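Residue numbers (my numbering), protein chains in the order written: chain A, 122 to 453; chain B, 122 to 453.
Below: one structure, written as structure tokens.
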């Protein structure tokens with residue numbers, strides 16, 4: 122039985138190390154601040170798509186302490202205190218536990234700050250269905266995304282049994298698709314009390330965060346916390362006990378996981394090149410060329426990602442653009 | 122008979138449009154100011170290698186008016202008045218005629234500002250031989266460079282007959298090599314009076330410049346001048362009349378004609394990459410990677426020229442690095 126009066130609050134997780142879009146994204150300007158997809162920053166889009174579901178005063182952002190000020194500047198419509206900086210990185214386990222502490226009671230939803238949704242109405246409909254389900258049943262509900270292919274970049278969820286499985290290899294992923302598994306996109310909705318119980322049972326080390334520690338005490342609380350994702354810490358175990366609900370979603374979700382996204386969201390020229398900013402391209406095909414300042418000239422090359430800021434330049438074969446981590450560690 | 126008492130003056134032509142090393146070189150910072158080969162700027166090296174041949178007060182620079190101040194800053198040891206800015210570009214014909222005007226009498230040598238010489242002693246020996254020949258005979262003497270291959274980038278000179286031939290196609294170039302032709306490197310030595318007579322006879326339109334017009338009048342004098350190279354205007358015709366002497370030179374001359382020079386003067390890593398500046402290279406081969414500021418990261422690509430300044434970035438296949446003109450015109 123739905124209790125429509127239950128308060129719904131949303132928490133947007135905004136960590137991010139800024140590697141997959143380096144040098145557009147950096148530790149000081151991670152992916153959620155990129156404004157190259159959809160005109161506004163991804164975090165602004167993430168807040169905007171919750172508009173008819175949650176009032177601004179019920180939207181919380183969990184980010185790093187280092188990014189709290191920048192995040193407040195980006196989202197001036199949110200109360201300053203709703204943007205909380207974690208004193209150190211402790212993965213999503215800690216961030217979701219802190220979210221429960223921030224929300225207090227009612228139903229809470231945890232969302233990402235750096236993903237795209239093409240069909241916002243479809244997204245909102247799915248969230249409403251998840252909230253209704255979470256009100257009816259003491260479950261943590263995940264929005265299961267209809268896969269567009271056998272991705273090995275995401276965990277999957279079996280919508281019939283509510284069972285979580287880890288990121289598969291490609292063969293396994295193909296099997297999951299045949300079985301109708303959905304992508305686990307890291308969007309979780311449930312009663313705050315349900316989250317609290319789940320932490321107490323499966324990740325008691327993180328449970329103190331659910332008690333809404335004062336900001337001044339956060340550092341001391343965080344210091345000893347384990348680095349563990351919410352999926353591993355809670356959802357996988359909970360799903361084995363039947364505590365997970367799944368609301369399927371097919372609303373054009375995209376995790377914007379790397380430069381390939383430019384090929385999906387930008388128009389191509391006659392040679393299959395995509396460009397943004399001051400790019401001159403001669404005798405080249407299949408480029409992704411992005412400049413945030415410098416003039417960029419490319420000639421006689423194919424299938425490259427070329428990205429320039431005033432501080433740094435990336436030149437990589439498209440097939441390698443997913444492996445930026447190693448490269449970024451070398452130049453920073 | 123050598124007249125050792127004859128005054129020898131040197132003129133270094135320092136025009137340059139800054140295209141072949143774009144974006145390292147630009148119209149405001151053309152090739153002669155590049156300091157990536159040999160540690161000092163090419164123009165400074167060009168002055169330095171004349172050291173035992175000419176006193177600083179007898180070294181003149183003919184550059185553009187726009188570059189005169191920059192050139193004076195680069196070469197503070199030269200008298201300010203020895204650095205003359207042409208009011209407009211009129212090719213080397215005008216520049217050499219102006220040189221004759223600047224030198225007044227004695228023997229003059231015309232040199233380039235943006236070439237490299239590995240064997241400076243060998244160069245000086247050749248210049249001395251050319252000066253001696255110019256004193257003995259009323260000829261314009263060219264330093265004929267021993268070719269390292271059938272280049273199509275240079276004109277050639279037949280050292281036996283003193284005949285100039287234009288830039289050949291490759292097949293013709295191979296023939297020239299078999300015949301013992303040398304490269305015309307644009308270094309000319311002769312009595313000032315010989316230059317004057319040659320201009321009067323073959324390029325009378327340029328002859329007024331030999332009369333040392335005042336700087337204040339240069340613009341009016343230059344305006345109607347034809348755009349023609351000294352080779353075309355004078356040397357080719359003069360060589361047909363037997364007025365050209367040739368002193369062969371084999372002193373490691375290099376016109377540093379483009380990015381390929383990095384492969385000649387920089388050490389290669391185990392993957393055949395050459396780099397200068399903040400370059401991180403992963404799984405790449407045969408790169409020329411140069412940064413004048415930004416951090417540059419390159420991954421999974423071969424045989425590229427990647428060059429970054431704070432203002433501009435070049436990414437080109439090595440085989441295309443000689444065709445920058447088109448590209449540069451698009452981005453400037």
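Note that the Cβ used here is the ideal one computed from N, Cα and C, for glycine as well.
Treat the numbers as computed from the prediction; the structure is a model and nothing was measured.
Query: How about the stretch 371-386 of chain A and the stretch 345-361 of chain A: do they share at least three Cβ pairs that are nearer than 8 Å?; Result: no
Query: Is the Cβ-Cβ distance between residue 174(B) and residue 286(B) less than 8 Å?; Result: no
Query: Can you find a CB in chain A that lies within less than 8 Å of the CB of residue 433(B)?; Result: yes
Query: Considering only the alpha carbon of each residue, which of 327(A), 350(A), 353(A) and 192(A) lies closest to residue 344(A)?; Result: 327(A)
Query: Put residue 273(A) into one of helix, strand or coil per three-state DSSP.; Result: coil
Query: In whole angstroms, what is the alpha-carbon distance linking residue 459(B) and residue 401(B)?; Result: The structure shown does not extend to residue 459(B), since chain B is modelled only from 122 to 453, so the question has no answer here.
Query: Could you compute how far the alpha carbon of residue 262(B) sits from the alpha carbon of residue 351(B)?; Result: 13 Å
Query: Among all the DSSP beta bridges, which residues are the ones paired with residue 367(A)?; Result: 263(A)
Query: Could you give the residue range of the alpha helix (DSSP H) that holds residue 450(A)?; Result: 445-452
Query: Helix, strand or coil for residue 209(A) per DSSP?; Result: coil
Query: With a threshold of 8 Å, are at least 3 pairs of Cβ atoms found where one atom belongs to the stretch 311-324 of chain A and the other to the stretch 220-234 of chain A?; Result: yes
Query: Buried or exposed for residue 169(B), going by 16 or more other Cβ atoms inside 10 Å?; Result: exposed
Query: Taking only runs of the beta strand (DSSP E) that begin and end inside the stretch 274-336 of chain B, which ones reach a length of at least 3 residues, in chain order?; Result: 276-279, 284-286 and 303-312
Query: According to DSSP, simplified to helix, strand and coil, what is residue 383(A)?; Result: helix
Query: Kindly list the residues whose CB is nearer than 7 Å to the CB of residue 404(A), restricted to its own chain and excluding five residues on each side of it in sequence; keep chain order.; Result: 420 and 421
Query: Compute the beta-carbon to beta-carbon distance between residue 377(A) and residue 240(A), rounded to the nearest angstrom, for a pair I have assumed lies under 8 Å.; Result: The Cβ separation is near 16 Å, so there is no contact.
Query: In chain A, which residues lie less than 9 Å from residue 415(B) when you measure between Cβ atoms?; Result: 144, 415, 429, 430, 431, 432, 433 and 434
Query: Interface residues of chain A around residue 441(B) at Cβ under 9 Å?; Result: 403, 404, 420, 421 and 422
Query: Anything in the stretch 371-395 of chain B with a Cβ closer than 9 Å to a Cβ of chain A? List those residues in chain order, please.; Result: none
Query: Excluding the 5 residues preceding and the 5 following residue 431(B) in the sequence, name in chain order all residues of the same chain whose CB lies nearer than 7 Å to its CB.; Result: 414 and 415
Query: Answer with buried or exposed for residue 389(B), where buried requires no fewer than 16 other C-beta atoms within 10 angstroms of its C-beta.; Result: exposed
Query: Would you call the CB atoms of residue 188(B) and residue 205(B) closer than 8 Å?; Result: no
Query: Just how far apart, CA to CA, sit residue 384(B) and residue 439(B)?; Result: 11 Å
Query: Can you tell which of 218(B), 364(B) and 274(B) has its C-alpha closest to the C-alpha of residue 254(B)?; Result: 364(B)
Query: Please go through the same chain and pick out, in chain order, the residues whose beta-carbon is closer than 8 Å to the beta-carbon of residue 274(A), but skip the five residues on each side of it.; Result: 288, 376 and 378
Query: Identify the contact partners of residue 264(A) in chain B, using a Cβ-Cβ distance below 9 Å as the criterion.; Result: The premise fails here: residue 264(A) is roughly 34 Å from chain B at the closest Cβ pair, so nothing lies under 9 Å.
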